[in-house]
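A.B. asks: Numbering (full-length UniProt numbering), first residue to last: 1 to 269.
Please see the structure below; I have some questions.
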Amino acid sequence: MTSTSRTEWHELPRPVRAAVEERTGPVVTARALPGGLNCAVAAALTTADGTATFVKGTPVTNTVARAGQRWEAAVNPYTRDVGPRLLWRVAVGGWELLGFEYVGGARHADLSAGAADHALVAEALAGACGLRPPPPSLAVPSFARRWAGFLETGELPLLHGRSLLHTDTNPHNLLVTADRAHLVDWAMPALGPAWVDVANTAVRLMEADCPPGDALAWAAGFTACWRSATTAALRAFVTANCRAWTSRVGPVDARPSNERFTALLGLFR
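Here is the structure:
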């Protein structure tokens, strides 16, 4: 997967910058920020009074990024306990941009073995497990339906649920400050079992060279999230991910990832 080429703040069309500054005030500094596969613009904009805003955006021609941003905006009222608040949304001049509260002094989470960030990430995910789900009228996608191509029809109900899920808890979407972690970039939300984000993050810990036993012990601490889980549901989750990875990159290249997902089954032994 390749990232979208970046556009600097000063390279945006004048009407786009003007529309942003109507909401922020005149921008005196614009610092480009790394990360994000689908962002054409990602910058911290600062005004004369020192107020900073995180701005991300995409040309309207990028349908994937545009859809992701629209989901971010749609679910933001329900994710503010664990992530930055959306301040405004601009659609002008062939661009769509979102302005968020800026998380000052943040860095991407360190998920490596023994890292102190594990506890802060756990606190954020515990908070996410208790988020109020959006109403049915918002039509957040079903997590189960995402795996329709990799599970039998009878297995899909095992992954039904009403919890609001992030589904992409990679370190770039976990911003850590001195006292907390922020869960950002809700571009792929879903409704499903409460334990899904914990399971995905445990796999991320293993990717960062945490021993599987340590990652499982970390995941087991989320007792509220696992309360409604079953062995069959976890097995369906593992099976779907393994089949998806094998389909995407072939059995040989998928083996490391599939081994990490399979290790999750140790939670219920």
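Note that beta-carbon positions come from the ideal geometry of N, C-alpha and C, so glycine has one too.
If you run the structure through DSSP and keep just helix, strand and coil, what is V90?
C.D. replies: V90 falls in the strand class under three-state DSSP.
A.B. asks: For residue 277, which residues of its own chain have a beta-carbon under 7 Å away from its beta-carbon, when the five flanking residues on both sides are left out?
C.D. replies: There is simply no residue 277 to check, as the chain begins at 1 and stops at 269 in what is shown.
A.B. asks: Is H166 helix, strand or coil by DSSP?
C.D. replies: The answer is coil: DSSP assigns H166 none of H, G, I, E or B.
A.B. asks: Is the Cβ-Cβ distance between F150 and R243 less than 8 Å?
C.D. replies: Going by C-beta atoms, F150 is nearer than 8 Å to R243.
A.B. asks: Going residue by residue through the UniProt domain "Aminoglycoside phosphotransferase" (159 to 227), where are the continuous alpha helix (DSSP H) segments of at least 4 residues, counting only ones entirely within it?
C.D. replies: Within the UniProt domain "Aminoglycoside phosphotransferase" (159 to 227), the complete alpha helix (DSSP H) runs of at least 4 residues are 196 to 207, 212 to 220, 223 to 226.
A.B. asks: Compare the Cα-Cα distances from A109 to each of F100, A122, L98 and report the closest residue.
C.D. replies: When only C-alpha atoms are compared, the closest one is A122.
A.B. asks: Less than 8 Å separating the beta-carbons of T169 and R146?
C.D. replies: Going by C-beta atoms, T169 is not nearer than 8 Å to R146.
A.B. asks: Would T29 and A40 qualify as a contact pair, given that the criterion is a beta-carbon distance under 8 Å?
C.D. replies: Taking 8 Å as the Cβ cut-off, T29 and A40 do not qualify as a contacting pair.
A.B. asks: Select from A224, R66, R89 the residue whose C-alpha is nearest the C-alpha of R17.
C.D. replies: It is R89.
A.B. asks: Output the residue ranges of the alpha helix (DSSP H) runs that lie fully inside the region 27 to 107 and measure 4 residues or longer, sorted by chain position.
C.D. replies: Fully enclosed alpha helix (DSSP H) runs of 4 or longer: 63 to 79.
A.B. asks: If you run the structure through DSSP and keep just helix, strand and coil, what is L137?
C.D. replies: Sequence inspection shows Ser at residue 137; the Leu mentioned does not correspond to that position. If DSSP states are grouped into helix, strand and coil, S137 belongs with the helices.
A.B. asks: Could you tell me the alpha carbon to alpha carbon distance between R180 and P157, rounded to whole angstroms?
C.D. replies: Using only the alpha carbons, I get a separation of about 34 Å.
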